[in-house]
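Peer 1: If you count the sequence shown from 1, you need to add 112 to reach our numbering.
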Amino acid sequence: MVMLLSLLRTATSLTQIHQIHAQTLIHGLPLQTHLIPKLIDLHSIDYARFVLDQTPSPTDFSWNSLIRAYTVHGSPQNSLFLYLKMLRSSTKPSNFTFPFVLKACSTLGSVLEGEQIHTHVLRLGFGSDLFVCNSLIDMYCKCFRLDSARNFWDDMGFRDEVSWNSIISGYVQWGQVEKARDLFEEMPMRRNVVCWTAMINGYGKEGDFVEMLSLFRQMLVSADEVQPNAATMVCLLSACSTLCNYEVGRFLSVFIDVNKIPLNTILVTALIDMYSKCGDVEKAWRIFDGVSCKNLPSWNAIITGCVQGGLLEEAIDLYRHMKAQSVKPNEITLVNVLSACAGLGALELGREVHLYLGRNGLDLNVILATALVDMYAKCGKIDDACLIFVKTSEKDVALWNAMILGLAYHGDGRDSLAVFSQMVRAGVQPNDVTFIGVLSACNHSGLVEEGRVQFSSMADKHGLSPKLEHYACMVDLLGRAGHLKEAYELVQNMLIPPDSIIWGALLSACRIHRNLELADKISETIMASQDPNIGFCILLSNIYASSGRWKDVARVRRQVKEKRIKKPSGCSWVEVDGVVHRFVVEDTTHLKSGEIYGAYEILVNHLKAEGYVANFDFIANNINGM
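1) Can you find the residues in the same chain that come closer than 6 Å, C-beta to C-beta, to residue 358, ignoring five residues on each side of it along the sequence?
2) Out of curiosity, what's the CA-to-CA distance linking residue 433 and residue 364?
3) Please name the residue in 565, 236, 621 whose C-alpha comes closest to that of residue 587.
4) If you follow the alpha helix (DSSP H) that residue 248 is in, where does it begin and where does it stop?
5) Okay, do the region 502-510 and the region 461-474 touch, 3+ Cβ pairs below 8 Å being the bar?
6) Mind checking residue 418: buried by the 16 CB within 10 Å criterion, or exposed?
7) Terminal residues of the continuous alpha helix (DSSP H) containing residue 309?
8) In or out: residue 734 buried (at least 16 other Cβ within 10 Å) or exposed?
9) Counting only runs that start and end within the region 194-231, where is the alpha helix (DSSP H) found for 4 or more residues in a row?
10) For residue 724, which of helix, strand or coil comes out of DSSP?
11) Confirm, please, whether the CB-CB distance from residue 414 to residue 388 is below 9 Å.
12) Let me make sure I understand the geometry here. Which of 410, 443, 448 has the alpha-carbon closest to that of residue 428?
13) With the cut-off set at 9 Å, would you say residue 584 and residue 613 are in Cβ contact?
14) Please go through the same chain and pick out, in chain order, the residues whose beta-carbon is closer than 6 Å to the beta-carbon of residue 172, but skip the five residues on each side of it.
15) Measuring CA to CA, which of 340, 285, 266 is closest to residue 309?
16) Report the residue ranges of all alpha helix (DSSP H) runs contained in full by the region 433-470; include only those spanning at least 4 residues, in chain order.
17) Under the three-state reduction of DSSP, which class applies to residue 294: helix, strand or coil?
18) Assign residue 113 to one of two classes, buried (16 or more other C-beta atoms within 10 Å of its C-beta) or exposed (fewer than that).
19) Hey, could you find the ends of the alpha helix (DSSP H) residue 615 is sitting in?
20) Please classify residue 221 as buried or exposed, where buried requires at least 16 neighbouring CB atoms within 10 angstroms.
21) So, helix, strand or coil for residue 595, using DSSP?
22) Under 9 Å, do residue 481 and residue 524 count as touching if we go by C-beta distance?
23) The alpha helix (DSSP H) spanning residue 259 covers which residue range?
24) Thinking C-beta only, is residue 338 closer than 9 Å to residue 302?
25) Using a 10 Å radius around the Cβ and a threshold of 16 neighbouring Cβ atoms, would you call residue 707 buried or exposed?
26) Report the three-state DSSP secondary structure of residue 514 (helix, strand or coil).
27) Less than 7 Å between C-beta atoms, sequence neighbours within five positions excluded: which residues of the same chain meet that for residue 286?
28) Are the CB atoms of residue 764 and residue 548 nearer to each other than 9 Å?
29) Could you give the distance in angstroms between the alpha-carbon of residue 494 and the alpha-carbon of residue 326?
30) For residue 513, count neighbouring Cβ atoms within 10 angstroms of its own Cβ and tell me buried if that reaches 16, exposed if not.
31) Just to confirm before moving on: does the CB-CB distance between residue 316 and residue 350 stay below 9 Å?
32) Determine the burial state of residue 518: buried for a count of at least 16 other Cβ atoms within 10 Å of its Cβ, exposed for fewer.
33) Just mark residue 182 as buried or exposed, buried being the case when its beta carbon has 16 or more other beta carbons within 10 Å.
34) Is residue 397 helix, strand or coil by DSSP?
35) Give me, in chain order, the residues of the same chain whose beta-carbon lies closer than 7 Å to that of residue 639; leave out the 5 immediate sequence neighbours on both sides.
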């Protein structure tokens with residue numbers, strides 16, 4: 113027996129354990145108490161359960177070890193089943209049994225079972241055991257029985273840090289931050305990092321960033337002499353990500369380095385997410401590259417950052433590299449990749465993602481359906497977008513919006529408006545994005561009167577105040593239809609200052625309808641601004657050139673030079689055999705640039721042969737060479 117015990121202690125594989133178990137059965141040796149924890153250490157919980165079931169009279173240590181294993185390893189239901197079996201046995205639960213059974217109830221949200229176990233605790237005389245009492249408080253809090261938790265907490269004869277932390281965290285979890293703060297201020301003992309972090313997290317959930325930072329500063333100088341940990345920093349960085357507060361986020365990043373706070377995967381992911389959402393994708397990428405063991409959240413953070421930062425090709429490259437590393441994408445990954453496909457027109461990859469959903473048993477929920485509708489619509493496959501839309505039973509406002517916008521941009525204005533009518537009849541409240549789609553539909557189809565009606569209905573029927581995007585749609589709609597006076601009056605009467613897009617839309621209408629008088633008025637307004645749009649300057653210069661007003665052309669060009677306005681290079685993408693190729697004006701870096709420009713010349717010659725003559729009336733060349 114001594115030899116088998118020695119072999120059991122040094123065993124490192126299940127094969128060895130099986131051999132030892134066989135010897136105990138052959139010789140009738142009672143080593144089950146030692147076998148069960150060893151099997152649990154090797155993550156063979158099912159076999160440990162088999163050994164327990166074959167043991168005539170398991171000790172409370174064996175029962176507790178397996179109950180704990182089920183709870184810790186994500187099988188809380190089995191933990192409760194085993195507890196019930198223990199009650200029917202000759203072994204009574206101990207103070208080591210209840211914390212893990214109660215934790216199983218917390219995980220499952222099984223408050224009724226938790227209340228029954230509370231009765232068992234009192235009946236067996238463990239009502240004053242601090243470890244058990246703290247577990248009861250935690251269970252009631254996580255099951256949203258805050259009154260029960262508080263009543264039990266108030267009746268406790270003695271409370272330690274865990275007792276205070278549990279009740280404070282419970283209030284925070286369910287949004288009762290002020291009650292949590294009252295208890296936080298009343299704490300008679302030193303407040304530890306768990307307590308401080310819970311309160312900081314509470315204000316973060318409430319969106320009170322000012323109080324959150326104030327509490328963090330108090331934490332650093334408090335008499336508690338407590339240092340923030342990784343969990344504290346994650347709470348703060350998450351708030352910076354939400355608010356896109358780069359200044360505070362960068363300070364926190366430096367604070368982590370200076371104070372040598374250990375970097376776990378959650379904290380690293382929070383840093384990547386913060387830098388990405390604050391626009392510093394380069395820094396996010398450097399942190400990501402420095403991570404040796406990249407997990408799914410860190411991949412998602414950098415892919416999301418690239419998509420939000422407009423680095424769509426990089427996002428797709430990351431996705432492919434992630435799959436090559438055998439990291440399985442989830443909903444967050446796929447939604448972002450579909451968004452990148454939509455932006456690049458990468459239909460083949462978008463279809464690949466769609467197929468991946470079906471092959472891997474992922475539910476086509478409303479979020480993924482919205483991303484697919486958007487992708488197919490922007491890749492020119494409006495019929496596929498409609499099919500996804502129709503097949504999705506539960507539609508939220510985002511999905512309706514994606515369909516309305518998709519049809520609008522395809523020029524199917526009446527179909528887009530018909531979908532909007534269905535949305536209203538379905539009782540879904542439209543939002544700002546909805547009306548961008550509706551007004552765009554009117555614009556693309558020239559439905560002027562319908563556009564007027566829908567624009568008025570925003571405030572009159574739906575309580576929405578028009579934003580710049582809505583005004584831009586209306587100005588463009590009216591301007592294209594020749595209602596320049598009405599469009600100009602709309603701009604003059606706007607409740608918010610018009611931007612360069614709105615002035616540009618009106619100026620484009622002036623070009624189409626050759627209204628130089630209004631173009632001059634707009635020019636005076638825009639060129640007086642600190643930062644006129646380069647597109648506006650080019651358009652204005654071309655309008656003057658088409659009318660032979662060369663002095664005005666020179667004036668606009670001089671102002672462009674003085675204000676140092678630059679025109680970014682034009683860029684486009686095309687997908688061939690699943691690979692996205694990027695093209696920039698006058699770019700020769702592509703491996704096949706010679707063939708590309710050769711093909712372009714052939715196309716131009718074909719156009720000329722068919723009698724096409726380009727209209728240069730509105731072109732004033734070399735806007736940047738003035």
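Just so you know, even glycine gets a beta-carbon here, dropped at the ideal spot from N, CA and C. Predicted model only: the values in this text are computed from it and were never measured.
Peer 2: So, from the data block:
1) Excluding residues within five positions, the ones whose Cβ falls inside 6 Å are 390.
2) 30 Å
3) 621
4) Where residue 248 is concerned, the enclosing alpha helix (DSSP H) stretches over 242-254.
5) no
6) buried
7) 305-318
8) Confidence at residue 734 is low in this model, with a pLDDT of 49, below 50, so the placement of that residue should be treated as unreliable; the coordinate-derived value is given next. Exposed, by the Cβ-count rule.
9) 210-220
10) coil
11) yes
12) Of the candidates 410, 443, 448, the one whose C-alpha sits nearest the C-alpha of residue 428 is 448.
13) yes
14) 203, 206.
15) Nearest in C-alpha terms to residue 309, of all of 340, 285, 266, is 340.
16) Listed in chain order, the alpha helix (DSSP H) elements of length 4 or more contained wholly in the region 433-470 are 443-456.
17) helix
18) Caution is warranted here: a pLDDT of 49 is assigned to residue 113, below 50, making its placement in the model unreliable, and no coordinate value can be reported.
19) Segment 612-625, the alpha helix (DSSP H) holding residue 615.
20) exposed
21) coil
22) no
23) 258-267
24) yes
25) Exposed is the call here.
26) Note: residue 514 maps to helix in three-state DSSP.
27) 256, 258
28) With the chain represented from 113 up to 738, any question about residue 764 goes unanswered, as that position is not in the structure.
29) 51 Å
30) buried
31) yes
32) By the neighbour-count rule (16 or more Cβ atoms within 10 Å), residue 518 is buried.
33) buried
34) helix
35) 671
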